[in-house]
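At position 148 of the sequence shown the residue is numbered 553 (our numbering), and the sequence of numbers has no breaks.
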Amino acid sequence: GADLGGADLDGAELDRAVFVKADLRGARLPRRMRGVVLDEAKLGRPELAGKDLAGTDLTGADLAGLDLTGADLSLCSLRGADLRGASLRGARLERSILSDCDLTGADLRGASLVGCDLSRSILRGVDLSGRDLESVILIDADLEGADLTAARLVRCILDGARLARANLTRAVLEQALLRGAALDDAVLGKTIFDRVDFTGVDLRAVSFAGLTVHRCAFLEANLERMSLRDCDFMGSDFSKANLRGADLEGSILTQARLREAALDGASLPNVVAKAAYFGGASLRGAKLSRAMLRYATFTRADLDRANLAAADLRDAMLDHAEARGALFLSARLERANLSHARVEEADFSEADLGGANLHALRDKGARFSGAKLLGARRTDVDRLEAEAYTPPRPPR
406 GADLGGADLD GAELDRAVFV KADLRGARLP RRMRGVVLDE AKLGRPELAG KDLAGTDLTG
466 ADLAGLDLTG ADLSLCSLRG ADLRGASLRG ARLERSILSD CDLTGADLRG ASLVGCDLSR
526 SILRGVDLSG RDLESVILID ADLEGADLTA ARLVRCILDG ARLARANLTR AVLEQALLRG
586 AALDDAVLGK TIFDRVDFTG VDLRAVSFAG LTVHRCAFLE ANLERMSLRD CDFMGSDFSK
646 ANLRGADLEG SILTQARLRE AALDGASLPN VVAKAAYFGG ASLRGAKLSR AMLRYATFTR
706 ADLDRANLAA ADLRDAMLDH AEARGALFLS ARLERANLSH ARVEEADFSE ADLGGANLHA
766 LRDKGARFSG AKLLGARRTD VDRLEAEAYT PPRPPR
């Protein structure tokens with residue numbers, strides 16, 4: 406609580422000095438103040454531009470409007486600090502704690518923010534364009550309207566962050582966590598997502614059309630009726646996601662996982678979903694005409710009334726699938742496994758089922774006009790009896 410107001414401390418050795426609750430208003434500070442504790446100190450309007458403040462404790466400090474241009478604030482604790490309108494141009498903030506800070510109107514152009522913690526901080530409208538934000542923690546941060554154009558967000562944690570109307574044009578998000586984040590009306594032109602976790606996010610107000618979204622997680626995400634045309638979702642996981650009525654025409658779903666996803670009424674013509682997994686998914690009335698689905702798995706999927714005309718289903722797994730009333734006109738089903746599938750009233754006209762496994766296929770009312778069935782394997786009666794066998798209960 407020392408009163409050092411107006412003191413001339415220039416040239417003093419103050420590394421690791423403790424100024425808890427001290428009055429430093431008007432004091433002339435030295436260029437280097439590493440590891441100094443300024444917790445609850447009264448700073449007034451100090452000259453801090455270009456100062457070496459690495460490791461300094463500035464918890465709760467009032468730094469609003471101050472010029473911190475080029476200052477070294479790496480490894481600092483600025484938790485709860487007021488940095489509204491502060492100039493941090495070219496400042497070093499690596500691995501600093503800036504949680505619960507108000508950075509509204511702060512100038513962060515050229516600032517180094519690698520590894521810093523900005524959890525719950527206010528960054529509305531802040532310019533972070535082109536910044537390297539590797540390993541930055543932004544949990545529950547308010548980034549509404551922030552400019553993240555061409556920013557690099559590698560291994561960032563953005564869980565619960567508010568990114569409504571943020572500009573992410575040409576930004577790269579890699580190995581980032583966006584669980585529960587709000588991305589309403591965010592601008593995503595040419596944005597690249599790689600191994601990003603969108604689990605549980607409502608993305609209906611986001612435009613993903615035409616984006617590269619590799620190996621991302623959309624577990625239980627809400628994508629209902631979204632336009633996802635021409636996206637590259639290679640290796641992404643949509644398990645239990647809501648994709649009802651979504652438009653995925655022309656998108657790439659190679660090796661994507663859509664386990665138990667809801668795709669009822671979805672539009673997927675011309676998709677490339679080679680080796681994709683649709684096990685247990687619901688695709689009632691989905692449009693999959695001309696889709697590349699070779700090696701795809703539809704085990705126990707619901708394809709009732711789905712349109713798979715001219716689709717490539719070679720070597721696909723459709724065992725135990727329900728495809729009643731589905732259209733397989735001119736589809737390629739060579740070597741496909743349709744054992745135990747229900748295809749009542751389905752249309753296989755002109756389809757190629759050469760070498761397909763049709764064991765225990767329930768095809769009452771199905772149409773096979775002009776279909777190729779060379780080498781197709783019909784029901785194996787002995788196998789069917791064995792499958793239906795129930796061993797007797799052991800005596801009590």
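No residue lacks a Cβ here, since even glycine has one placed at the ideal position from N, Cα and C. On a predicted model such as this, the values are computed, not experimentally measured, just so you know.
Residue i versus residue j: straight-line alpha-carbon distance, rounded
i: R560; j: L543; result: 11 Å
i: S656; j: A454; result: 51 Å
i: R500; j: V606; result: 28 Å
i: N712; j: F733; result: 7 Å
i: G760; j: R740; result: 5 Å
i: L616; j: V577; result: 11 Å
i: G495; j: A681; result: 47 Å
i: A569; j: G530; result: 10 Å
i: D602; j: L763; result: 39 Å
i: A736; j: G565; result: 44 Å
i: H619; j: G640; result: 6 Å
i: V676; j: A491; result: 50 Å
i: R387; j: G520; result: Nothing can be reported for residue 387: it is not among the residues displayed for the chain, which extend from 406 to 801.
i: D477; j: D512; result: 15 Å
i: H745; j: D635; result: 34 Å
i: R600; j: F638; result: 11 Å
i: E579; j: D487; result: 30 Å
i: A671; j: T704; result: 19 Å
i: A382; j: D642; result: Missing from the structure shown is residue 382; the chain here goes from 406 to 801 and no further.
i: P674; j: D589; result: 27 Å
i: E539; j: T474; result: 21 Å
i: A581; j: R782; result: 48 Å
i: P435; j: K456; result: In this prediction, P435 has a pLDDT of 46, which is less than 50 and means its spatial position is unreliable; what the coordinates show is noted afterwards. Approximately 8 Å between the Cα atoms of the pair.
Per-residue burial, residue i [other beta carbons within 10 Å of its own, 16 or more giving buried]
i: G780; result: exposed
i: S524; result: buried
i: G594; result: exposed
i: G775; result: exposed
i: Y700; result: buried
i: K692; result: buried
i: R536; result: buried
i: E549; result: buried
i: R360; result: The chain is shown only over 406 to 801; residue 360 falls outside these bounds and no answer can be derived.
i: T659; result: buried
i: K769; result: exposed
i: V786; result: exposed
i: R484; result: buried
i: G515; result: exposed
i: R788; result: exposed
i: A793; result: exposed
i: T461; result: buried
i: T795; result: exposed
i: R584; result: buried
Residue i - DSSP class collapsed to helix/strand/coil
i: E749; result: coil
i: E629; result: coil
i: A715; result: coil
i: V786; result: helix
i: E727; result: strand
i: A591; result: coil
i: P435; result: Its pLDDT being 46, under 50, P435 is placed unreliably by the model, and nothing is read from it.
i: A622; result: strand
i: A791; result: helix
i: F598; result: strand
i: V519; result: coil
i: D669; result: coil
i: R649; result: coil
i: K679; result: coil
i: M639; result: coil
i: I544; result: coil
i: A659; result: One detail in the question is off: residue 659 reads as Thr in this sequence, not Ala. Coil at T659, not helix or strand.
i: S687; result: strand
i: R525; result: coil
i: L732; result: strand
i: K769; result: coil
i: L582; result: strand
Expected contact under 8 Å - CB spacing of residue i and residue j to nearest Å
i: G685; j: A706; result: 6 Å
i: D757; j: K777; result: 5 Å
i: D552; j: L533; result: 6 Å
i: S644; j: L624; result: 5 Å
i: L743; j: L708; result: The pair is not a contact, with the Cβ atoms about 11 Å apart (cut-off 8 Å).
i: L718; j: S687; result: So it is not a contact: roughly 18 Å between Cβ atoms.
i: S526; j: A546; result: 5 Å
i: L573; j: T596; result: 5 Å
i: A646; j: M631; result: A646 to M631, Cβ: 10 Å. No contact.
i: L480; j: A459; result: 6 Å
beta-carbon residue i near the ligand MG non-hydrogen atom, thresh 8 Å
i: G490; result: This structure lacks the ligand MG; in fact it carries no ligand of any kind.
Please specify which runs of the alpha helix (DSSP H), each continuous and at least 4 residues long, are wholly inside the stretch 442-517, giving them in chain order.
none
As an exercise, report each continuous beta strand (DSSP E) stretch of at least 3 residues that is fully enclosed by the stretch 549-578, in chain order.
557-559
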